[in-house]
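Q: Have a look at this one.
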Amino acid sequence: MELYRKHKWLVFQALVATFPVHVTVVLSAMLAGKAFGLTISPLYYFVAVPVIVLVGSIPISPQGAGVMEYFAILLVGRQGGTVSQAFALTMSIRMVQILWNLTGGIFVFRGGYHQPTAAEQRDLQEDSPATASQAA
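Laid out in structure tokens, this is it:
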């Protein structure tokens, strides 16, 4: 956090850079919902899908299994969706997340990616603010 305090513009840029990912997840959930016959307003997806995904990060079960479905049933049910449609929606959200994260494998397969060497790790530790404050 000390490093981020010095680079507020970088934090803002990182935050803005995540918007395309979030919009992609919502739009893909919207398309999946239409395919499953959900009669939900398009704007409602921009409220419900982020909440469903966020709730999935609660560390109760692996990947929020069960938690996402419960909230999807609550949120989709308010708009006239069925339990099976809510389950299908959460499964499609998970599939998009899996496919999106698999793109990181491209960097591994292309090569050039390696675990930091001992010298690189020492350099990183020397640059961290915790070691700088301990030295002072």
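Each residue of the sequence shown is one higher than the one before, counting from 0 in numbering that gives the first Met the number 0. Where is the CB? At the ideal position from N, CA and C, for every residue including glycine. Predicted, not measured: the structure shown is a model, and the values here were computed from it.
Any contact of the segment 39-48 with the segment 15-29, i.e. 3+ C-beta pairs under 8 angstroms?
A: As far as the Cβ criterion goes, the segment 39-48 touches the segment 15-29, which means the pair count is three or higher.
Q: At a Cβ threshold of 8 angstroms, is Gln78 touching chain D?
A: The chain labelled as chain D is not found in the depicted structure, where only one protein chain is given.
Q: Between the segment 83-101 and the segment 18-26, do three or more beta carbon pairs fall short of 8 angstroms?
A: Yes, the segment 83-101 is in contact with the segment 18-26.
Q: Report the rounded CA-to-CA distance for Tyr112 versus Leu101, giving the unit in angstroms.
A: So the alpha carbons of these two residues sit roughly 15 angstroms apart.
Q: Would you say Phe70 and Val48 are within 8 angstroms of each other, going by their C-beta atoms?
A: Not a contact, by the Cβ cut-off of 8 angstroms.
Q: So for Ser56, helix, strand or coil by DSSP?
A: Reduced to three states, the DSSP call for Ser56 is coil.
Q: Find the nearest neighbour of Glu68 within the set Gln78, Val82, Ile59 and Arg77, judged by alpha-carbon distance.
A: Minimum Cα distance to Glu68 is reached at Val82.
Q: Under three-state DSSP, which class holds Gln124?
A: The answer is helix: DSSP assigns Gln124 an H, G or I state.
Q: Considering Ile105, what are the terminal residues of the alpha helix (DSSP H) in which it resides?
A: Start and end: Gly104 to Arg109.
Q: Please state the DSSP three-state secondary structure of Ser83.
A: Ser83: helix per DSSP, three-state reduction.
Q: Taking the CB atoms as reference points, tell me whether Leu88 and Leu37 lie closer together than 8 angstroms.
A: Yes, the Cβ-Cβ distance between Leu88 and Leu37 is below 8 angstroms.
Q: Excluding five sequence neighbours on each side, which residues of the same chain lie with their C-beta closer than 8 angstroms to the C-beta of Gln84?
A: If we look at Gln84 and ignore the five residues flanking it on each side, its Cβ neighbours are Gly32, Phe35, Gly36, Leu37 and Val75.
Q: Distance check for Ile39 and Ser91, CA to CA, integer angstroms please.
A: One C-alpha to the other measures close to 16 angstroms.
Q: Cβ of Ile57 within 8 angstroms of Cβ of Val66?
A: Yes.
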